[in-house]
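**Q**
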Amino acid sequence: MARLLLCDDDPMYSLALSALLGDWGHSVKTTETAQEALDHLASHTVDLAILDVVMPGGGGVSLLHQIKDLYPNLPTIVCTGRDFLFETPLMEIGMEKADEKIKKTIDPADLLAVINRLLKQAKKVG
Amino acid sequence: MMAAPTGRKPTYVWGVGLLWISVFTCILFFTGFTALNILHRQQAFQQKIVQADIILVRLNNQLGYGGFIHNFKNAVLRPDEKDRYLDAFGQNALAIKALIEQTEQHFPDLTNEIKNLGETLNEYTENAEFLRQTELRQPLDIDPIVRVNDDFAVQALLNLLQSNRDQMTETLSQMESRKIVLSVGAAISFISAITATAGLLIYARNRSRIFRAAVEENRRTSEMIEDVGGAIFKLGSDGEVEVTNRKGRAMFGALIERQSVPLVDRMLETFPEIALDDPLLRAFLGRKVDSEISLYTFPDQSQRYLRIFSAPLSNQNQGGAVIEITDVTQNMVAEKLEDQNRNILVLGQVARSVVHDVRNVNATLRFTLERLKGQDLGGSTPALITNALSALSVSDKLAKRLLDFATAGRDEVTNFEASDVLTMLRSLSDGIAQDQILIDVRKAPAGARLTGSPNAVLAALINLVVNARNALVAAGQDGQITVHLDSEELHPSIPGWVFRVTDTGPGFPQEIIAGSRSSAPTRSAEGYGLGLSIVHSVAVDMGGYVQLSNRAGRGAEVSIHLPAHHSAEPLMQTAQTLHASARVLLVDDSMMVTRLLERQFAKIGIATHQSHSAKAALLSLQTHQYDLVITDYDLGEEQSGKDIAAATHELQPDVPVIVFTKTPEWATEAFAHLNVEIFGKGNQTETLISRAKSLLARSPEPADAAFSTKNQ
Chain A
587 MARLLLCDDD PMYSLALSAL LGDWGHSVKT TETAQEALDH LASHTVDLAI LDVVMPGGGG
647 VSLLHQIKDL YPNLPTIVCT GRDFLFETPL MEIGMEKADE KIKKTIDPAD LLAVINRLLK
707 QAKKVG
Chain B
19 MMAAPTGRKP TYVWGVGLLW ISVFTCILFF TGFTALNILH RQQAFQQKIV QADIILVRLN
79 NQLGYGGFIH NFKNAVLRPD EKDRYLDAFG QNALAIKALI EQTEQHFPDL TNEIKNLGET
139 LNEYTENAEF LRQTELRQPL DIDPIVRVND DFAVQALLNL LQSNRDQMTE TLSQMESRKI
199 VLSVGAAISF ISAITATAGL LIYARNRSRI FRAAVEENRR TSEMIEDVGG AIFKLGSDGE
259 VEVTNRKGRA MFGALIERQS VPLVDRMLET FPEIALDDPL LRAFLGRKVD SEISLYTFPD
319 QSQRYLRIFS APLSNQNQGG AVIEITDVTQ NMVAEKLEDQ NRNILVLGQV ARSVVHDVRN
379 VNATLRFTLE RLKGQDLGGS TPALITNALS ALSVSDKLAK RLLDFATAGR DEVTNFEASD
439 VLTMLRSLSD GIAQDQILID VRKAPAGARL TGSPNAVLAA LINLVVNARN ALVAAGQDGQ
499 ITVHLDSEEL HPSIPGWVFR VTDTGPGFPQ EIIAGSRSSA PTRSAEGYGL GLSIVHSVAV
559 DMGGYVQLSN RAGRGAEVSI HLPAHHSAEP LMQTAQTLHA SARVLLVDDS MMVTRLLERQ
619 FAKIGIATHQ SHSAKAALLS LQTHQYDLVI TDYDLGEEQS GKDIAAATHE LQPDVPVIVF
679 TKTPEWATEA FAHLNVEIFG KGNQTETLIS RAKSLLARSP EPADAAFSTK NQ
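For the protein sequence lines, the chains are A and B, in the order given. Just so you know, we're using the working numbering here: the first sequence kicks off at 587 and counts up by one. Just so you know, we're using the working numbering here: the second sequence kicks off at 19 and counts up by one.
Laid out in structure tokens, this is it:
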């Protein structure tokens, strides 16, 4: 079981994804803002973080950089429902620190594979 | 439509049921015949026992009191009546002898007992003969005669009686046991056969009920499909499709007529773009198709979205199916799209919002369903989840196709607040900035609204900010990138807004700036790492342009000049009221571009005729006389601006042609052999209008001054 942090301003999406992740055997903490996510990371051990790219009042890109500055070894996935962003240099320049970039419409099986791969890699490094 | 029952199950149930009944009926008959046989044997045995009893009783009577021994002893003790008793004795002896013979038949195993009886009889008979011939005077004479040992005979008789009883008891007991076994077997067989028969009757009744319900459901579905203009087909076991309503014939015409050519070949001929995994083909091959929507180009070149649903017939082995095809295009959007292009824009906007929502909702639902799928839920829930996941896939496809359909060949146009774009850019730019590079995205002025694609504008700004940041990093400089929005006239009396992206970096090389003034950014500029072609394309598509400049000693500036938000309505009313001094055909697949030109021509009193495809433009050239043709180079289809120019020269040789394109440097080469003038979109728009005005001034005013703008 891994401890996951999910940060997304869409509570329904968070609820559904966290329930699915829970069924896959993971413990999930959901947060709706970047500050909540940082507070949780400061007081809890997290094995992997999933961040929304676009959030009001402080985007996931900024959060990604803060997380990677503070916890460089924490596997981090960024996700977005705005597919066009994948066609901009933002994905390569702004989010180069992300271990994986996914669309929100990703197939659950693919998401599971991404999470398992990152956790496995982190375990090897750790 | 209710799913048709599968074909294998009923046959299996009927087969097993009938076999069950047959087996137990056979067992029932066997046990019945066997029991009857035992009954007959039991009766025969009892008869035999009775006869044996009668024989033994008679034997006992002949031997006992008043019988054989009694008469012999009376003959000894009563000499006066000796002859009478001896005669009676003689008759007893004859009867006993006959009875002994009968006993031998009944008791073949008791020969010793029967022999003892016979010996006793013989001894008495010999003594009786002696007695008849002798006068007994002294008791000593009598003694040897009467000293006959009866014990063996008595014992033999008792043994016979006992044996008879034992035999009867044993045999009857065996028969009773077999009768019980047979009765139980018969009862089980009877109950089994009755149960199976009752089960089959109940099953038949249920099947009948399901069949009637399915028929009723089909009838109701058919009515519903009729109401929405759907077609229903029946795929026969021979692979041919039978149409069951008029709509089907109207929709597919000759395709469904029986011919010598196989159906599949006819389909491939009718729909050459059809693929093997296409739902329509799969349905016509008898495979199950849940509910899929696909776009088809019909022989009359009309494009329609069809919803295809097929369910195999009850007997799958026959390969038949019921196929339902509904023309979604016609029912949902065709009427609205037929007359007015603006409805396409409206639909496009609706589609985009729907698609965005649907995609987010679908992602949420998919996670929820996937989670439920992993749980052990009983009943029909797993099937429902599978269906829901399939429906989500269809929904994804439908959303994408609806968007493609609504925006096919046209710009994504919406009215949006510039502040929304800048807010999002600010949020994203936090991640783009580095320690020594500050990115300042300033607030948009109040009321700054634009018409076009907000996502495209955001993507352009991200490109510019990232490029500026890369330039600063490459120069090893600290610095600042600023993004702000100003109000500015795009063209004379055309309100607009300009996004300015400035940096404190080394600035652009002069050749890049010089190149950008005359045309679109060149490949060398793109190679410079600015990604300016994308930005230029976004600006031009929205009716604007891009400018590059270096600020004196303060780095570079890229400005995106865009028209301010305007109504989605074409200028139909305005144009109709204008005095048209000339007629211009505008050909461009971008509605934004034709609308902008239309407005600018309208301001100088010139009415225009817009075509958004080469096909429509060529038709217009055949039916209308123009004084000027302005065409884009790339029309997003097989025919291009070259075809428009060539057709104009052929049909209306005196009419000048202007090519208005994003890539004038490429067009120059492409139109080398055609007599055209070429202008770049964006910052050459004003020049184009001036040149057009000049060309039209040479043409006489049209007789029909009321020629109005119309859209195709």
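The beta-carbon is built from N, C-alpha and C at its ideal position, and this holds for glycine as well. Here the structure is a predicted model, which means the values were calculated and not measured.
Can you check DSSP and say which residues form a bridge with B/Pro-513?
**A** If you number the second sequence from 1, residue 513 of chain B lands on position 495. Note: B/Pro-513 sits in a beta bridge opposite B/Glu-507.
**Q** Compare the Cα-Cα distances from B/Leu-440 to each of B/Thr-382, B/Ser-608 and B/Arg-518 and report the closest residue.
**A** Start at 1 with the first residue of the second sequence, and residue 440 of chain B comes out as number 422. Measuring from the Cα of B/Leu-440, the nearest candidate turns out to be B/Arg-518.
**Q** Which parts of the stretch 274-324 of chain B are runs of the alpha helix (DSSP H), unbroken and 4 residues or longer, counting only runs that do not cross its ends?
**A** Counting whole runs of 4 or more residues, the stretch 274-324 of chain B contains the alpha helix (DSSP H) stretches 281-288 and 297-302.
**Q** Report the neighbours of A/His-651 on chain B: residues whose CB is nearer than 8 Å to its CB, in chain order.
**A** Position 65 of the first sequence, counting from 1, holds the residue named residue 651 of chain A. Those within 8 Å of A/His-651 in chain B are Asp-448 and Gly-449.
**Q** In terms of alpha-carbon separation, which member of B/Ile-512, B/Gln-565, B/Gly-561 and B/Met-560 lies closest to B/Ala-532?
**A** Within the second sequence, numbered from 1, the residue matching residue 532 of chain B stands at position 514. When each option's Cα is compared against that of B/Ala-532, the closest is B/Gln-565.
**Q** For B/Val-31, which residues in the same chain have their Cβ closer than 7 Å to its Cβ, ignoring the five residues on either side in sequence?
**A** Along the second sequence, one-based indexing puts residue 31 of chain B at 13. Counting only Cβ-Cβ distances below 7 Å, and skipping sequence neighbours, we find Tyr-221.
**Q** For B/Ala-489, I'd like the list of residues in its chain whose CB is within less than 6 Å of its CB, leaving aside the five on either flank, ordered along the chain.
**A** Here residue 489 of chain B corresponds to residue number 471 of the second sequence, with the count starting at 1. For B/Ala-489, where only same-chain residues beyond five positions count, the Cβ hits under 6 Å are Gly-523.
**Q** Can you grab the Cα-Cα spacing for the pair B/Gln-495 / A/Lys-687, in whole Å?
**A** The residue labelled residue 495 of chain B in the question sits at position 477 within the second sequence. The residue labelled residue 687 of chain A in the question sits at position 101 within the first sequence. Straight-line Cα distance between these residues: approximately 30 Å.
**Q** Apart from the five residues just before and just after B/Gly-547, which ones in its own chain have a Cβ nearer than 7 Å to its Cβ?
**A** Here residue 547 of chain B refers to the residue found at position 529 of the second sequence. At B/Gly-547, the pLDDT of 44 sits below 50, so the modelled position is not reliable and the matter cannot be decided from this model.
**Q** If you pair each beta-carbon of the stretch 40-58 of chain B with each one of the stretch 222-235 of chain B, do three or more pairs fall below 8 Å?
**A** The answer is no - the stretch 222-235 of chain B does not touch the stretch 40-58 of chain B, with fewer than three Cβ pairs under 8 Å.
**Q** By DSSP's criteria, B/Arg-601 is part of a beta bridge. Which residues make up the other side?
**A** By 1-based counting over the second sequence, the position of residue 601 of chain B is 583. B/Ala-625, per the DSSP bridge assignment.
**Q** Give me the Cα-Cα distance between B/Arg-26 and B/Asn-224, rounded to the nearest whole angstrom.
**A** Mapped onto the second sequence, residue 26 of chain B falls at position 8. Mapped onto the second sequence, residue 224 of chain B falls at position 206. With a pLDDT of only 45 at B/Arg-26, under 50, the local geometry of the prediction cannot be trusted, and no value is derived from it.
**Q** So if I threshold CB-CB distances at 7 Å, which residues from the stretch 679-711 of chain A count as touching chain B?
**A** Those would be Ile-679, Gly-680, Met-681, Lys-690, Thr-691 and Pro-694, in chain order.
**Q** Apply the 10 Å Cβ neighbour rule to B/Phe-148 and answer buried if 16 or more other Cβ atoms are within range, or exposed otherwise.
**A** For the purposes of this step, residue 148 of chain B is identified with residue 130 of the second sequence, where counting begins at 1. B/Phe-148 comes out exposed.
**Q** Terminal residues of the continuous beta strand (DSSP E) containing B/Ile-696?
**A** Taking the first residue of the second sequence as position 1, residue 696 of chain B is located at position 678. 694-698 is the extent of the beta strand (DSSP E) around B/Ile-696.
**Q** Alpha carbon to alpha carbon, how far is B/Asn-329 from B/Ala-339?
**A** Along the second sequence, read from residue 1 onward, the residue named residue 329 of chain B stands at position 311. Along the second sequence, read from residue 1 onward, the residue named residue 339 of chain B stands at position 321. The residue you asked about is not Asn; residue 329 of chain B is Ala in the sequence shown. When rounded, the distance between both Cα atoms is 6 Å.
**Q** Could you check what DSSP says for B/Ile-578 in three-state terms: helix, strand or coil?
**A** For the purposes of this step, residue 578 of chain B is identified with residue 560 of the second sequence, where counting begins at 1. Strand at B/Ile-578.
**Q** Can you tell me where the beta strand (DSSP E) with B/Gly-266 in it begins and where it stops?
**A** What you label residue 266 of chain B is simply residue 248 of the second sequence in a count that begins at 1. Unbroken run through B/Gly-266 is the alpha helix (DSSP H), 264-270; no beta strand (DSSP E).
**Q** If you scan the stretch 31-114 of chain B from start to end, which runs of the alpha helix (DSSP H) of 4 or more residues do you find wholly inside it?
**A** 86-95, all fully within the stretch 31-114 of chain B.
**Q** Would you mind telling me which residues of chain A sit closer than 8 Å to B/Val-484, beta carbon to beta carbon, in chain order?
**A** Taking the first residue of the second sequence as 1, we reach residue 484 of chain B at position 466. Those are Thr-674, Pro-675, Leu-676, Ile-679 and Gly-680, listed as they occur along chain A.
**Q** Which parts of the stretch 604-672 of chain A are runs of the beta strand (DSSP E), unbroken and 3 residues or longer, counting only runs that do not cross its ends?
**A** If we require 3 residues or more, the beta strand (DSSP E) runs fully inside the stretch 604-672 of chain A come out as 613-617, 634-638 and 662-666.
**Q** Along the chain, which unbroken stretches of the beta strand (DSSP E) at least 3 residues long are found entirely within the stretch 434-471 of chain B?
**A** Within the stretch 434-471 of chain B, the complete beta strand (DSSP E) runs of at least 3 residues are 455-459 and 467-470.
**Q** Do the stretch 636-655 of chain B and the stretch 601-615 of chain B make contact, defined as three or more Cβ pairs closer than 8 Å?
**A** Because the criterion of three Cβ pairs below 8 Å is met, the stretch 636-655 of chain B and the stretch 601-615 of chain B touch.
**Q** Please compile the residues from chain B whose C-beta is within a distance smaller than 7 Å of the C-beta of A/Ser-613.
**A** Looking up residue 613 of chain A in the first sequence gives position 27. Those do not exist, as A/Ser-613 stays about 15 Å from chain B at its closest Cβ, beyond 7 Å.
**Q** DSSP on B/Asp-256, reduced to helix/strand/coil?
**A** Here residue 256 of chain B is taken as the residue at index 238 of the second sequence, counted from 1. B/Asp-256 falls in the coil class under three-state DSSP.
**Q** Tell me, please, whether the CB atom of A/Tyr-657 is closer than 9 Å to any CB atom in chain B?
**A** Along the first sequence, one-based indexing puts residue 657 of chain A at 71. Chain B, which has no Cβ nearer than 9 Å to the Cβ of A/Tyr-657, makes this no.
**Q** On the DSSP bridge assignment, give the partners of A/Lys-687 in chain order.
**A** Your numbering for residue 687 of chain A matches position 101 in the first sequence. DSSP output for A/Lys-687 lists A/Val-664 as bridge partner(s).
**Q** Which residues of chain A have a Cβ atom closer than 8 Å to the Cβ of B/Ile-212, listed in chain order?
**A** To locate residue 212 of chain B, count along the second sequence from 1; it is residue 194. Those do not exist, as B/Ile-212 stays about 50 Å from chain A at its closest Cβ, beyond 8 Å.
**Q** Reducing DSSP to helix, strand and coil, say where B/Leu-653 ends up.
**A** Reading the second sequence from its first residue, position 635 is the one you call residue 653 of chain B. In this structure, B/Leu-653 counts as coil in the three-state DSSP scheme.
**Q** Would the beta-carbon of A/Ala-605 fall within 9 Å of that of B/Thr-404?
**A** Within the first sequence, numbered from 1, the residue matching residue 605 of chain A stands at position 19. Within the second sequence, numbered from 1, the residue matching residue 404 of chain B stands at position 386. Contact: no.
**Q** If we call anything under 9 Å between Cβ atoms a contact, is B/Leu-739 one with B/Ala-462?
**A** Residue 739 of chain B is absent from the model: chain B starts at 19 and stops at 730.
**Q** Flag B/Thr-404 as yes if its beta-carbon sits less than 9 Å from any beta-carbon of chain A, otherwise no.
**A** Walking along the second sequence from the start, residue 404 of chain B turns up at place 386. No, its Cβ sits nowhere closer than 9 Å to a Cβ of chain A.
**Q** B/Ile-250 and B/Ile-341 - do their beta-carbons sit closer together than 9 Å?
**A** Residue numbering aside, residue 341 of chain B sits at position 323 when the second sequence is read from its first letter. Residue numbering aside, residue 250 of chain B sits at position 232 when the second sequence is read from its first letter. Cβ atoms of B/Ile-341 and B/Ile-250: closer than 9 Å.
**Q** Are any of the Cβ atoms in chain B nearer than 9 Å to that of A/Met-598?
**A** Start at 1 with the first residue of the first sequence, and residue 598 of chain A comes out as number 12. With 9 Å as the cut-off, A/Met-598 counts as an interface residue toward chain B.
**Q** Per DSSP, what are the beta-bridge partners of B/Leu-566 in this structure?
**A** The sequence position of residue 566 of chain B within the second sequence is 548, counting from 1. Bridge partners of B/Leu-566: B/Val-576.
**Q** Which residue or residues does DSSP assign as beta-bridge partners of B/Val-556?
**A** As a first step, residue 556 of chain B is located in the second sequence; it is residue number 538 there, counting from the start. Looking at the DSSP assignment, B/Val-556 forms no beta bridge with any residue, so it has no partner.
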